[in-house]
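K.L.:
Sharing a structure, written as structure tokens. Questions coming.
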Amino acid sequence: MTELNKTYDPATVERRWYEFWQDHGYFHADENQPGARFCVVIPPPNVTGSLTMGHVLNNALQDILIRYQRMNGKVTLWMPGTDHAGIATQNVVEKALAKEGLDRHTLGREQFLERVWGWKEKYGSTILLQLRRLGASCDWRRERFTMDPSLSRAVREVFVRLYEKGLIYKGHRIIHWCVRCQSALSDEEAITTEGGENGSLWHIRYPADDGGPGVVVATTRPETMLGDTGVAVHPTDARYATLLGRNVILPLMNRPIPVIPDDAVDPAFGTGAVKVTPAHDANDFDIGQRHRLEPLCIMTTDGRINDNGGAYRGLDRFEARKRIVADLEAQGLLVKTEPYRVPVRRCERCDTIIEPYLSDQWFVRMEPLAKPAIEAIKSGRLRFYPERWVGVYLHWMTNIRDWCISRQLWWGHRIPVWYCDDCPKLTVAREDPTHCAYCGSAKIHQDDDVLDTWFSSWLWPFSTMGWLDETPTLRRFYPTDTLITAADIIFFWVARMVMAGYEFMGECPFRDVFFTSIVRDMQGRKMSKSLGNSPDPLQVIDTYGADALRFTIVSAAPLGEDVRFADDRAEFGRNFANKIWNAARFCMMNMEAVGSRQTAVGSGDRAMLDLPERWILSRLQAVTDEVRASLDAYRFNEAAMTLYRFIWGEFCDWFVELSKLSLYGDDPAAKQRTRSVLLHTLEQILRLLHPFMPFVTEEIWQALPLPPTTDSIMVAPYPVADDALRDPAADAAVTRMIDIVRAIRNIRAELGIAPTTAVTARIAPAAGADGVAVFEPYLKTLARVTSIDVLAASERPPDEPSAVVPDVGEVFVPLRGAVDPAEVRKRLENEFKKVSKDLQSVDAKLGRPDFVAKAPADVVEKERARAAALAERSATLTRHLETLRRGS
RNA sequence: GGUCGCAUAGCUCAGAUGGUUAGAGCGCCUGCCUCACAUGCAGGAGGUCCGUGGUUCGAGUCCACGUGCGACCACCA
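Numbering (my numbering), first residue to last: 3 to 890.
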């Protein structure tokens with residue numbers, strides 16, 4: 003094998019193995035290969051995206067699952083691709099155009115789309131290239147894009163089918179309108195600010211038409227009064243009974259509008275009278291419908307007052323608000339202004355305040371689609387991890403509202419509807435028509451709008467597999483097994499995929515959904531560009547390595563909880579990779595003549611093995627079970643930490659040290675057995691760890707002096723526990739031995755005896771704790787003792803420093819013969835004096851009220867800690883000095 | 001307003017179905033460049049498991065209430 007460097011250098015290793023894997027076709031899933039299969043589809047990142055820590059966690063988990071199942075021998079498909087991300091991408095390209103002094107309208111639709119495609123070709127695969135750096139073992143030969151011809155065909159088919167089924171319709175109603183994006187949005191894209199935003203509640207008098215006082219209405223959006231066509235009060239509200247059926251005068255516009263009774267009004271809120279603006283509020287629209295009040299639109303699509311707004315025409319909506327309030331005040335009609343938390347919705351993409359706007363849009367009737375999706379989760383066909391998302395999902399599903407799918411954008415799937423100039427009928431078609439399907443007129447034109455991005459994403463699990471053709475891929479890999487995604491797209495994507503899966507494939511698109519943690523900064527804030535708290539994963543990979551980043555984030559992300567991350571946390575994973583690297587170096591250095599894989603460890607050899615070897619093999623079986631169980635239950639962090647503790651805390655800290663006894667000894671047979679166990683355990687560890695840290699495990703595995711059974715660790719079988727190698731007796735024995743070693747080391751440290759100074763030890767066994775004699779060779783090495791004597795049960799040397807070890811007895815470390823007890827005693831006495839003096843002065847300091855009151859809190863805390871440490875040391879010294887004094 | 005989650009060492013977090021002495025990493029203190037590793041080794045300090053009450057032989061773990069954070073949903077103008 004080649005010489006390994008002292009520290010692991012990920013940069014030189016990672017690219018090499020990634021290319022190796024790809025060149026060997028290991029990422030490719032062959033649908034013709036028989037056997038069990040496993041499939042995951044990637045949540046397609048936006049083409050505009052670049053890798054964030056959220057992607058890192060999400061895709062590391064998918065890769066772990068994929069690599070685990072691939073090693074389990076399954077035909078494994080991880081389907082990659084990107085989403086065209088309608089609004090997001092259009093925004094990016096429009097911004098680029100703006101820099102050239104252009105906008106999409108001057109370019110025109112066709113040229114603009116050419117520009118977007120050009121942009122997509124150039125930058126659209128950035129994020130997928132970045133995923134490769136992370137080690138993602140996606141089947142890149144199958145890369146898909148939501149606007150690929152075959153996926154577009156699926157979108158078109160779905161639209162037509164739903165239209166023919168009566169589940170897609172054009173509706174005239176209030177929708178969420180973004181005045182900046184100039185488009186309708188779905189309910190999910192309209193984000194409510196938590197707890198509302200600062201605003202006011204204006205109380206405005208609408209005088210009666212006979213000059214009477216009329217009513218006072220309360221509103222948070224006074225500018226909409228320009229479009230008021232009524233005032234509503236509760237039918238039983240005695241205060242307004244005399245006004246019902248009469249008119250009041252709309253101020254500023256001087257229009258008479260009726261006072262009408264409606265149950266939707268809460269008499270207890272505000273004044274109990276509500277201005278009704280059917281064109282600019284969803285509730286008011288409903289009230290208007292019930293009372294035949296005409297909606298009066300007073301705003302343009304870019305948020306300015308239109309011709310219906312009289313004197314306010316042309317003003318921006320918020321400017322109009324100010325002017326209207328001022329004018330009302332001037333006319334003495336503004337009764338009251340009170341500060342108020344106003345519920346506001348903002349555009350998910352650009353944060354602009356959304357305007358409820360009356361318009362014609364395309365909708366999907368969702369209720370029929372929701373039925374099987376509700377049944378799926380109730381019956382257990384579909385499972386969520388963690389389970390608590392079931393409630394959120396069901397609440398949304400059972401209260402589902404129709405989905406507004408039309409967007410007034412250019413980038414996306416054009417709505418396949420044609421209008422006829424000669425008849426009122428619509429032509430909805432799978433292929434672009436040349437004539438009206440009803441009257442045959444050639445004067446037809448296509449709907450200008452495109453579909454919501456999610457209208458293609460919801461088909462992702464089968465559109466990527468070639469649907470609507472019944473492809474071999476689809477037959478082999480649909481439905482998929484697990485979906486790993488962030489919970490913030492549970493409605494946007496997960497819920498709708500379930501509905502689409504049942505509607506078009508007749509089957510749930512996946513069995514399990516795992517919701518990942520949200521990655522936050524160390525203060526618990528969401529990562530965002532504006533806060534600058536979002537580490538660049540590529541930078542982290544460059545500094546610490548992809549394995550380090552993956553392992554760090556995965557081990558820190560518990561099921562169902564958020565995870566906090568800052569780039570230097572990746573030191574955790576880097577140090578671990580380096581630890582394994584060096585354990586491997588140690589193995590290599592001692593493997594000059596090792597046997598083949600066949601002579602590695604089998605259960606038949608067990609009786610021949612020494613205690614440490616039986617122990618580590620036994621522990622390896624337990625760990626194998628634990629890791630598998632954790633992975634099968636999607637407890638990724640638990641699996642990672644189990645491996646971390648085993649590899650570092652048991653294999654490296656104890657087994658490697660114990661193995662030196664034999665490796666540096668002169669029994670060739672024992673040496674050979676130890677080598678064999680060492681190599682076997684390391685090899686199994688690498689396999690267990692490979693899904694988490696693919697690069698470093700491959701690099702080491704390839705260097706092992708074993709004839710490989712496969713060309714890569716990534717296609718080697720994932721370990722299965724061998725019951726014959728379990729050894730509870732060895733487990734218990736080594737645990738006791740470790741306790742003895744620790745006790746002796748502790749005594750040495752407390753007495754200040756250097757680790758290089760040889761001492762002797764004596765053990766007084768507790769009742770039932772016999773057999774400590776077999777530990778002798780190991781204790782000699784690990785605790786640096788020259789001899790271990792077992793004392794008679796009743797013997798307790800009073801003058802020898804000792805420690806009680808549970809399940810073992812009392813361990814004594816006699817000084818005579820090793821060091822001069824008088825010298826130790828003198829040293830401890832001197833230290834005791836110094837400690838006492840220090841303790842006194844610290845105590846004095848802490849006793850001064852002005853210090854405690856005036857010094858910074860952390861300084862006081864530090865002094866307190868120092869006092870505690872000194873007191874502790876003082877007690878230890880006292881104890882040992884008492885023992886030593888008995889000896890002289 | 002409704003639903004849900006969280007609260008454990010200075011910090012970030014583990015602790016399935018309740019069961020001996022509550023763990024890890026980072027940080028801190030002491031001593032070490034010991035022939036795999038200073039990205040390391042050895043030893044150590046540090047916790048009224050948010051509060052109150054309850055169930056139980058036994059509660060960090062289950063129940064109720066409270067407090068403090070956080071998330072999601074909802075047409076209160």
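Glycine included, each C-beta is placed from N, C-alpha and C at the ideal position.
This one's a predicted model, so the numbers in the text were calculated from it and none came from an experiment.
1) Express the C-alpha separation of residue 269 and residue 242 in angstroms, rounding to a whole number.
2) Roughly how far, in whole angstroms, is the beta-carbon of residue 210 from the beta-carbon of residue 175, given that I think they are within contact range, below 8 Å?
3) Between the alpha carbons of residue 4 and residue 117, how many angstroms are there, rounded?
4) Using CA coordinates, which residue listed in 416, 536, 395, 513 is at the minimum distance from residue 520?
5) With a threshold of 16 other CB atoms inside 10 Å of the CB of residue 138, please say whether the residue is buried or exposed.
6) When the Cα of residue 578 is compared with those of 825, 848, 649, which residue comes out closest?
7) Just to check my reading of the structure: residue 801 and residue 888 have Cβ atoms closer than 8 Å, yes? What is that Cβ distance to the nearest angstrom?
8) May I ask which residues mark the beginning and end of the alpha helix (DSSP H) holding residue 741?
9) From the DSSP output, in three-state form, read off residue 461 for me.
10) Does the segment 226 to 239 come into contact with the segment 377 to 386, if we say contact requires no fewer than three beta-carbon pairs (one atom in each stretch) closer than 8 Å?
11) For a test of the three-state rule: what should DSSP assign to residue 249, helix, strand or coil?
12) Mapping DSSP to helix, strand and coil, what is residue 901?
13) Near residue 542, what residues of its chain come up, given a Cβ to Cβ distance below 6 Å and the 5 sequence neighbours on each side ignored?
14) Taking DSSP as the reference, what is the three-state secondary structure of residue 879?
15) Which partner residues of residue 185 appear in the DSSP bridge assignment?
16) Leaving out five residues on either side along the sequence, give the residues of the same chain with a beta carbon under 8 Å from the beta carbon of residue 608.
17) For a test of the three-state rule: what should DSSP assign to residue 444, helix, strand or coil?
18) According to DSSP, is residue 277 helix, strand or coil?
19) Going by alpha carbons, who is nearest to residue 350 out of 315, 178, 440?
20) Assess contact between the segment 83 to 98 and the segment 37 to 49, defined as three or more Cβ pairs (one per stretch) separated by less than 8 Å. Is contact present?
21) Using alpha carbons as the reference points, say which of 125, 258, 20 lies closest to residue 697.
22) Determine the DSSP secondary structure at residue 215, reduced to helix, strand or coil.
23) Pick helix, strand or coil for residue 664, following the three-state DSSP scheme.
24) Between the Cα of residue 421 and those of 96, 658, 441, 110, spot the shortest distance and give me the residue it belongs to.
25) Is the segment 57 to 65 close to the segment 94 to 112, with three or more CB pairs under 8 Å?
26) Per the DSSP calculation, residue 301 is bridged to which residue(s)?
27) Under 8 Å from any heavy atom of the ligand ZN, does the C-beta of residue 583 make it?
28) Report, in whole angstroms, the separation of the C-beta atoms of residue 834 and residue 879, which I expect to be a contact under 8 Å.
29) Check whether the Cβ atoms of residue 452 and residue 417 sit closer than 9 Å, and answer yes or no.
30) Using 10 angstroms around the beta-carbon of residue 466, count the other beta-carbons present and answer buried if the total reaches 16, otherwise exposed.
31) Whole angstroms are fine: how far does the CA of residue 683 sit from the CA of residue 705?
32) What is the rounded straight-line gap between the Cα of residue 693 and the Cα of residue 69?
33) Here's the rule I'm using: 16 or more other beta-carbon atoms within 10 Å means buried, otherwise exposed. How should residue 789 be labelled?
34) For residue 324, count neighbouring C-beta atoms within 10 Å of its own C-beta (all shown protein chains included) and say buried if the count is 16 or more, exposed if not.
35) If I'm right that residue 738 touches residue 809 with Cβ under 8 Å, what's the distance once you round it to whole angstroms?
36) Got a sec, what are the start and stop residues for the alpha helix (DSSP H) residue 778 sits in?
P.N.:
So, from the listed chains and residues:
1) 10 Å
2) No, residue 210 and residue 175 are not in contact; Cβ-Cβ is about 32 Å, not under 8 Å.
3) No answer about residue 4 holds up, because its pLDDT of 49 lies below 50 and its placement is not dependable.
4) 536
5) buried
6) 649
7) 4 Å
8) 730 to 753
9) coil
10) no
11) strand
12) Residue 901 cannot be examined here, being either before or after the span of the chain that is shown, 3 to 890.
13) 551, 569, 572
14) Of the three classes helix, strand and coil, the one that applies to residue 879 here is helix, per DSSP.
15) 180
16) The beta carbon of residue 608 lies closer than 8 Å to those of 616, 619, 726, 727, 729 in the same chain, with the five residues before and after it left out.
17) coil
18) strand
19) Checking every option, the nearest Cα to that of residue 350 belongs to 178.
20) yes
21) 20
22) coil
23) helix
24) 441
25) no
26) 307, per the DSSP bridge assignment.
27) What this structure holds is no ligand at all, so the ligand ZN is not there to describe.
28) 5 Å
29) yes
30) By the neighbour-count rule (16 or more Cβ atoms within 10 Å), residue 466 is buried.
31) 15 Å
32) 5 Å
33) Burial call: exposed.
34) Residue 324 should be labelled exposed.
35) 6 Å
36) 778 to 784 is the span of the alpha helix (DSSP H), which, as asked, contains residue 778.
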